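Participant: Numbering (this note's numbering), first residue to last: 1246 to 1407.
1) Tell me where the alpha helix (DSSP H) around residue 1256 begins and ends.
2) Let me know the alpha helix (DSSP H) ranges lying completely inside the segment 1333 to 1373, each 4 residues or longer, listed in chain order.
3) Counting Cβ pairs closer than 8 Å, one from the segment 1339 to 1347 and one from the segment 1390 to 1405, do we hit at least three?
4) With a threshold of 6 Å on Cβ separation, who are the neighbours of residue 1334 within its own chain once the five nearest residues in sequence on each side are excluded?
5) Contact between the segment 1263 to 1280 and the segment 1297 to 1306: three or more CB pairs below 8 Å?
6) If you drop the 5 nearest sequence neighbours on each side, which residues of the same chain put their C-beta closer than 7 Å to that of residue 1324?
7) Where does residue 1296 fall in DSSP's three states?
8) Tell me the DSSP secondary structure of residue 1404 in three-state form.
9) Which residues in the same chain as residue 1355 place their Cβ atom closer than 6 Å to its Cβ, once the five residues preceding and following it in sequence are excluded?
10) Have a look at residue 1338 and residue 1249 and give me their C-alpha separation to the nearest angstrom.
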């Protein structure tokens, strides 16, 4: 099935923005900090050097422009997840979005931080090495639920201007 890249860009970037608004709300109203995307950039910056996992990413050597790299990757990954969703549900869904596929995609997308990012940054599989793994897991799940809701909301908006 053909992936509609303009649709994926609009919907993925919109959904990622909803996820980020959720993170800002958590920090502002409940003092719950968000993921530091500079650390994501640092982790990514070490990949070409052959370092895939760190004991603690904050103690790894800084990488040039790591914040820009991390934020760019954050949005690119959101677009990629939207592209996968669109490849699975097709163009008709973009024209008339429904909530269930978007929410499911958001929930499934939590596997990426659980199985790739957190272990790579030293937090362990599904944040198992953090001081409060259950809280970390719930924060990830809430963030990716917000992403799923964002997929739906962005698709609704995009369907009106497409």
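Even glycine gets a Cβ: it sits at the ideal position worked out from N, Cα and C.
In this text, all values refer to a predicted model and were calculated from it rather than measured experimentally.
Facilitator: A quick look at the data gives this:
1) 1250 to 1275
2) 1336 to 1340, 1344 to 1354, 1363 to 1366
3) yes
4) 1346
5) no
6) 1253, 1254, 1257, 1258
7) coil
8) Residue state for residue 1404 is assigned as helix, using DSSP reduced to three classes.
9) 1385, 1386, 1389
10) Rounded to whole angstroms, residue 1338 to residue 1249 spans 12 Å at the Cα level.
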